[in-house]
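K.L.:
Attaching a single structure in structure tokens format; questions to follow.
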Amino acid sequence: MLAIEQARQHLEHLGLAQAAGILEGRLDAAAQKQLPYADFLADLLRFEVAVRRDRYLRTRTRLAHLPFQRTLEQFDFRFQPSIDERQIRELSTLAFISDAANIILLGPPGVGKTHLCVALALKAIDAGQGVYFVRAHDLLEDLRRAQSEHRLDRRMRVYLAPKVLIIDEFGVWPYDRVAATALFALISARYERGSVILTSNKSFAEWGDVLGDTVIATAILDRLLHHSHVINIRGDSYRLREKKRAGLFATLGQAETAATPAKA
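Going by the numbering used here, the sequence shown runs without a break in its numbering and finishes at 632.
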């Protein structure tokens, strides 16, 4: 028993706390099965590695600020036939990260753009890549505030550090020239250095109106699209689909009809 206690202390001293915690139980199991010493050691260290990896993934996922966790396996490609599933599967190999290429997902609200972003983010995290998710409005407000406080360079590092930066819901709100200039600075700094995954409900032709400056919008698109994969989703909203299944749309239509005065 003294030897077991010494072994446990050595494991803890080496930072192998999980292995130390299961040492005695694994020893008993190995003795009953008459496992070779090498198999016992491999089993002990395998458990330590698995626990560390799980902790690493949970930490990375938390730091990514993902709004939820959904995988590609949970995405209903049948509901959105305009999406090329093979293209999405190819992107999930993460070759685009090695190429510092961007992914632009265009389409109306509710068609699954954010779901696909999060699914690719989880793939990247699992592969050991840094990911950061931010809503476009929050990003630009943050950069605008940092610029007014003369700390834009320091704040920009937050968005330059991850290999994959996800900018969600671009175009929902209009922005002024200060915000547009800050976004241009960020996209330029990440150009050919890190990947951007961006979702928008606006066509590229409308970006000038969103940013309040056609020249800046063109410059941003020039850098985003140079190495990019553009996915244009045309389909119904997943959220509204559930309402339709519940018959809510029919109920609303009947209510509106009943509320409309009859013509004489």
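Where is the CB? At the ideal position from N, CA and C, for every residue including glycine.
From W575 to A585, what does the alpha carbon distance come to, in whole angstroms?
P.N.:
6 Å
K.L.:
With a CB to CB cut of under 6 Å and the five nearest residues on each side skipped, what residues in its chain are close to P476?
P.N.:
N569
K.L.:
CB-CB under 8 Å to Q402, same chain, minus the five flanking residues each way: which ones, in chain order?
P.N.:
Once the five neighbours on either side are set aside, Q402 has no close Cβ partner at all.
K.L.:
Are three or more beta carbon pairs between the segment 592-601 and the segment 446-461 nearer than 8 Å?
P.N.:
yes
K.L.:
Mind checking which residues open and close the alpha helix (DSSP H) that includes F572?
P.N.:
Note, F572: premise wrong, no alpha helix (DSSP H); not H, not E.
K.L.:
Buried or exposed: L556, going by 16 or more other Cβ atoms within 10 Å of its Cβ?
P.N.:
Before going further, note that residue 556 is Ser rather than Leu in the sequence given. Label assigned to S556: exposed.
K.L.:
Taking C-beta to C-beta, are S466 and K491 nearer than 8 Å?
P.N.:
Contact: no.
K.L.:
For V502, which beta-bridge partners are listed by DSSP?
P.N.:
I535
K.L.:
Apart from the five residues on each side of it in sequence, which residues of its chain come closer than 7 Å, Cβ to Cβ, to R394?
P.N.:
F408, D411 and L412
K.L.:
Quick one: what's got a C-beta closer than 6 Å to L511's C-beta in the same chain, skipping five residues either side?
P.N.:
A550
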